[in-house]
Amino acid sequence: MIVGDRKSLAEILDMIKDCQNILITGCKGCVTVCNVGGLKEVQILALSLKIARKKEGRPITIEENLLERQCDPEYIAELADVVHNYDAVLSMACGVGPQFLAEAYPAQKFFPAINTKFFGGATGHGVWEERCAGCGTCVIHNYDGLCPVSRCSKSLMNGPCGGSAGGLCEISKDVVCIWDMIVKKKMEQGRLEDLLRVMPAKDWSTSRDGGPRKSIREELSQ
Amino acid sequence: MDTFEPQIVAFCCKYCAYAAADLAGSMRLSYPPNVKVVQLPCTGRVDIFHLLKAIEDGADGVYVAGCLEGECHFLKGNLRARKKVEYVKRTLEELGIEPARVEMYNLSSAMGPRFAEIAREMTGRIKELGPSPVKDAAIA
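Which chain is which? The protein sequence lines are A and B, in order. Residue numbers for the first sequence follow my numbering, beginning at 485 and rising by one. Residue numbers for the second sequence follow my numbering, beginning at 272 and rising by one.
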């Protein structure tokens with residue numbers, strides 16, 4: 485899923501400082517699963533903003549909404565009748581949400597309440613970790629299911645580098661060296677010789693280096 | 272300020288704090304009438320939303336009273352409640368409101384006097400802090 489963190493209240497309050505009446509819209513997709521932009525988070529943000537504005541002596545009216553997904557125009561269309569009733573709209577979806585909203589309703593102001601961070605999964609309650617960098621050419625089969633593109637600080641195809649010590653990456657004692665894990669797993673499975681093969685430089689044109697990406701599936705397009 | 276009588280909401284677990292409140296009553300212990308008790312099946316039921324809603328509606332103080340740590344009827348409800356209280360404290364701090372307006376307490380059903388003491392302690396604390404800035408603005 486796409487994982488994000490909510491922006492600070494100070495930043496959000498600054499975005500809506502001139503507004504008296506806003507809509508906060510959440511998304512039932514990834515941000516609901518990672519507990520950052522679902523119904524409960526919409527309610528909590530609305531209350532926090534109302535408290536802040538009451539304290540300032542400038543109460544604000546906030547309506548709450550939750551869309552099935554903010555990355556599909558058919559759900560964005562559900563706001564058509566109400567979207568212009570507000571001074572601005574705060575989206576609690578990933579970065580896709582505010583953009584789809586802004587494209588559908590050019591006359592309205594949309595603000596992101598979430599900092600979108602990475603593609604990942606939950607490794608424990610309240611803990612999410614990056615597992616995919618969306619490079620466009622998956623290579624995890626070469627590394628026994630451990631992705632060096634997203635999980636090595638340098639995205640090395642042939643590792644580890646000299647910065648690996650005690651199973652940790654030199655950038656932080658909180659970052660595991662994925663190459664240490666790859667080597668250990670290969671040893672456990674008796675396939676260490678796999679690593680003698682020098683992997684060629686990766687073609688990054690399928691990643692962000694190739695510019696904004698698009699996926700078209702003819703069988704589905706109408 | 273001398274006449275300030277705070278409005279305090281206490282979210283109490285029915286297995287401990289609420290029973291302790293009953294015991295305090297049976298023991299004829301008096302405690303400040305500022306505290307309005309809301310009974311919960313477990314403090315694990317309390318949500319960040321409930322605590323913020325109380326503040327937004329003008330409560331000067333809010334506290335959650337659950338079982339002693341390690342003795343929750345539902346194992347971890349009181350530990351989860353503490354984390355939610357801490358979240359609300361951080362939120363209030365971010366908004367420039369005293370985090371001490373929200374608190375987590377732990378007690379057992381046999382601790383009637385402690386329930387009364389907590390009510391006095393929280394009322395005294397909030398009287399010292401003064402009216403909630405949220406309430407002031409709402410009234411103004």
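Beta carbons are placed, not taken as given, at the ideal position from N, Cα and C, and that holds for glycine.
{"Asked": "Using the beta-carbon count (16 or more within 10 Å), is A381(B) buried or exposed?", "Found": "exposed"}
{"Asked": "Under 8 Å Cβ-Cβ, which residues of chain A neighbour E327(B)?", "Found": "L531, K534, I535, K538"}
{"Asked": "Please report the residue range of the alpha helix (DSSP H) in which S634(A) lies.", "Found": "632 to 635"}
{"Asked": "Identify every residue that forms a DSSP beta bridge with Q310(B).", "Found": "C283(B)"}
{"Asked": "Please classify G629(A): is it buried, with 16 or more other beta-carbons within 10 angstroms of its beta-carbon, or exposed?", "Found": "exposed"}
{"Asked": "Check whether the Cβ atoms of S634(A) and C645(A) sit closer than 7 Å, and answer yes or no.", "Found": "no"}
{"Asked": "For E327(B), which residues from the same chain have a beta carbon less than 8 Å from its beta carbon, with the 5 sequence-adjacent residues on both sides left out?", "Found": "V405"}
{"Asked": "Closer than 9 Å by beta-carbon distance: list the chain A residues that pair up with K324(B), in chain order.", "Found": "Q527, L531"}
{"Asked": "Which residue wins for smallest C-alpha separation from Q673(A), given the options K512(A), Y627(A), K657(A)?", "Found": "Y627(A)"}
{"Asked": "How would you write the range of the beta strand (DSSP E) that G608(A) sits in, first residue to last?", "Found": "598 to 608"}
{"Asked": "Under 7 Å Cβ-Cβ, which residues of chain B neighbour K524(A)?", "Found": "F320"}
{"Asked": "For E364(B), which residues from the same chain have a beta carbon less than 6 Å from its beta carbon, with the 5 sequence-adjacent residues on both sides left out?", "Found": "P370"}
{"Asked": "Can you look up S532(A) in the DSSP assignment and give me helix, strand or coil?", "Found": "helix"}
{"Asked": "How far does the beta strand (DSSP E) with N349(B) in it extend, from its first residue to its last?", "Found": "Careful: N349(B) lies outside any beta strand (DSSP E), inside the alpha helix (DSSP H) at 348 to 365."}
{"Asked": "Could you tell me which chain B residues have their CB closer than 8 Å to the CB of L493(A), listed as they occur along the chain?", "Found": "T362, E365, L366"}
{"Asked": "Would V405(B) pass as an interface residue toward chain A - the criterion being a Cβ-Cβ separation below 7 Å?", "Found": "yes"}
{"Asked": "Quick check: V580(A) and C555(A), are their CB atoms within less than 7 Å of each other?", "Found": "yes"}
{"Asked": "Along the chain, where does the beta strand (DSSP E) that runs through E562(A) open and close?", "Found": "No beta strand (DSSP E) contains E562(A), which DSSP labels as neither H nor E."}
{"Asked": "Can you look up D628(A) in the DSSP assignment and give me helix, strand or coil?", "Found": "coil"}
{"Asked": "In the DSSP assignment, the alpha helix (DSSP H) including C514(A) goes from what residue to what residue?", "Found": "514 to 517"}
{"Asked": "Taking the alpha helix (DSSP H) that R490(A) belongs to, which residues open and close that run?", "Found": "Not the alpha helix (DSSP H): R490(A) falls in the beta strand (DSSP E), residues 486 to 490."}
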